[in-house]
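Encoded as structure tokens, the structure appears first; notes follow it.
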Amino acid sequence: MKHLKSIITLIILTFTLVSCSTDDAPDVDTNLIVGTWSIQDLNFSSDLTYAFAGQTISSTSNGSGSNFDYTVTFNEDNTLVANGSYDYLVTSTTDGEEFTQTITIEDVDTNGTWSIDGNQLTFTGFTTAQVDNDFISGGQDAGSSTIEILNATTLLITSDLEDAVPLDLPEGIDINIEGSSDVTLTRIN
Numbered sequence: 017m018k019h020l021k022s023i024i025t026l027i028i029l030t031f032t033l034v035s036c037s038t039d040d041a042p043d044v045d046t047n048l049i050v051g052t053w054s055i056q057d058l059n060f061s062s063d064l065t066y067a068f069a070g071q072t073i074s075s076t077s078n079g080s081g082s083n084f085d086y087t088v089t090f091n092e093d094n095t096l097v098a099n100g101s102y103d104y105l106v107t108s109t110t111d112g113e114e115f116t117q118t119i120t121i122e123d124v125d126t127n128g129t130w131s132i133d134g135n136q137l138t139f140t141g142f143t144t145a146q147v148d149n150d151f152i153s154g155g156q157d158a159g160s161s162t163i164e165i166l167n168a169t170t171l172l173i174t175s176d177l178e179d180a181v182p183l184d185l186p187e188g189i190d191i192n193i194e195g196s197s198d199v200t201l202t203r204i205n
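Residues are numbered in the numbering used here as their position in the sequence shown, beginning at 1, plus a constant of 16.
So, in structure tokens, the structure goes:
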């Protein structure tokens with residue numbers, strides 16, 4: 017079960033910023049994203065199939081963030097820095113058994129690059145964090161999210177989690193995930 021908790025945590029960290037999505041919507045003003053943003057709201061819902069060492073586990077999860085002290089800075093040179101902490105309340109049903117847990121995510125340090133094409137925000141980078149006192153790290157290949165709102169004060173990003181694989185997984189672990197996440201940020205400068 018500890019491996020499943022680590023996998024769920026990696027999914028949460030990965031989709032705090034971006035995941036996989038496609039959408040044909042109008043272009044957004046890319047100049048509006050440059051600056052520092054603070055996360056105000058973070059939610060996800062997913063169906064996960066986790067296969068490891070010949071076992072398959074199915075899980076349905078819903079989560080929401082709280083106690084945010086987390087910022088994301090989009091620089092003019094298309095680099096990105098995100099750091100801080102937050103709590104994540106996750107309710108999961110795994111093979112018929114429901115459990116609820118609060119995951120404390122601290123010392124998040126993400127460095128990467130970003131770009132916008134149409135309304136798609138794409139990110140690549142590397143993240144480290146303390147999750148319930150366990151150190152985790154991993155790289156994020158290019159993934160994109162849909163910018164639903166981008167104006168002078170608000171950034172709302174939605175992500176389709178279908179068939180997304182978070183970060184770099186250890187050999188022998190296979191994950192299939194379907195669902196969505198959304199992150200609302202407020203400009204702080």
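For every residue, glycine included, the Cβ atom is placed at its ideal position computed from N, Cα and C.
Here the structure is a predicted model, which is why all the values come from computation and not from measurement.
With 16 other Cβ atoms within 10 Å as the buried cut-off, status of Phe90 | buried
State buried or exposed for Thr120, treating a residue as buried only when at least 16 other CB atoms are found within 10 Å of its CB.
-> exposed
Are the beta-carbon atoms belonging to Tyr66 and Asn83 less than 9 Å from one another?
-> no
Rounded separation between Thr126 and Pro186 - CA only = 20 Å
Quick one, are the C-beta atoms of Leu48 and Ala168 less than 9 Å apart?
-> yes
For Glu178 and Ser196, the rounded distance between their alpha carbons | 8 Å
Rounded to whole angstroms, what's the CA-CA distance from Ser61 to Gly79? Just pull it up for me.
-> 7 Å
When burial is assigned at 16 or more other CB atoms within 10 Å of the CB, is Asn205 buried or exposed?
-> exposed
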